[in-house]
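Structure, as structure tokens:
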Amino acid sequence: MDNDTQPTGAAPVLTIDGPSGSGKGTISRLVAERLGWHYLDSGALYRAVGVAAGWGDIDLADPAALVRCTFDTVVDFREEGGELRVLVNGSDATGELRTETAGAAASAIAAIPEVREALKERQRAFRQAPGLVADGRDMGTVIFPDAGAKVFLTASAEERAERRYKQLSDKGVSVNLSGLLREILARDARDASRAVAPLRPAADAVTVDTTGLDIEEVVGRVLAVVSQAGRGRSQQS
Ligand code: DC
């Protein structure tokens, strides 16, 4: 069967793509909870390979070694006390996954076509009843092109830098706002300009700009996209 063809009768999917700091993670988890659907944090898979590469002292400039590392890395998602924990090769790496180092390694690794190909089926395996909310960069364009509802979440780079600044300051990490803004702009440019699966909205995605909106307002808009898509389908059938 063609890899890009989804079986008919497959569970419904809502894809939420967008740049770092657009609030995708928070919004996707809340929307999945409200819908009672599964949740895929695809960025965590790339981050997990980045962390495993660090553990194995693998050079980020050695694509062949990174592809081998992708095949060798076992990633398990576990729900524990309402929190999602990520195990990398059996060790809890939830905290390490969120570090800037893991993010930068993930971004470099994500530019390798064979790595993306190796992770395709792992991501598609999350599509299970009653439905899936898939969070990432290429969920609507490459992994689930037939998803019934697609959202592209954005926010201005300044607002994303401020959110990240607040997150880190709340954790007691001292950071510099203009440095964060520079990092975000550099990451955006790298993710949007890579040859394979660049960050861009799917042609049929609804763009939601979260600048100046609070979490509940964004969740409401995303849920409206899902019910609108559901109405569209029932009118067609
Ligand atoms: O969403 P995140 O910050 O956890 O993602 C980490 C990196 O992984 C990011 O720089 C882009 C990459 N990524 C990707 O290329 N495709 C995805 N579906 C998810 C993440």
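Residue numbers (the working numbering): 3 to 239. The C-beta atom is built at its ideal place from N, Cα and C for all residues, glycine as well.
One thing to note: A149 has its Cβ within 9 Å of the Cβ of A136. Counting only unbroken stretches of 4 or more residues, the alpha helix (DSSP H) elements lying wholly within the region 81–113 are 96–99, 102–111, in sequence order. Taking a cut-off of 8 Å for Cβ pairs, the region 151–159 and the region 222–234 touch, as three or more such pairs fall below it. Taking C-beta atoms as the reference points, D193 and P21 count as a pair closer than 9 Å. Closest in alpha carbon position to T143, among L134, A204, G133, is A204. Taking the Cβ atoms as the reference, S24 lies roughly 5 Å from A157, within the contact range of under 8 Å. The beta carbon of R192 sits closer than 8 Å to at least one heavy atom of the ligand DC. Distance from the CA atom of G58 to the CA atom of C71, rounded to whole angstroms, is 9 Å. Secondary structure of D206 (DSSP, three-state): coil. Closer than 8 Å to some heavy atom of the ligand DC: that describes the Cβ of D43. Judged by DSSP in its simplified three-state form, T17 adopts strand.
Residue environment: V88 is assigned as buried (16 or more neighbouring CB atoms within 10 Å of its CB, all protein chains considered).
Following the DSSP letters along the chain, one finds D43 inside the beta strand (DSSP E) bounded by residues 40–43.
When C-alpha distances from T212 are compared across A108, D206, R165, the shortest belongs to R165.
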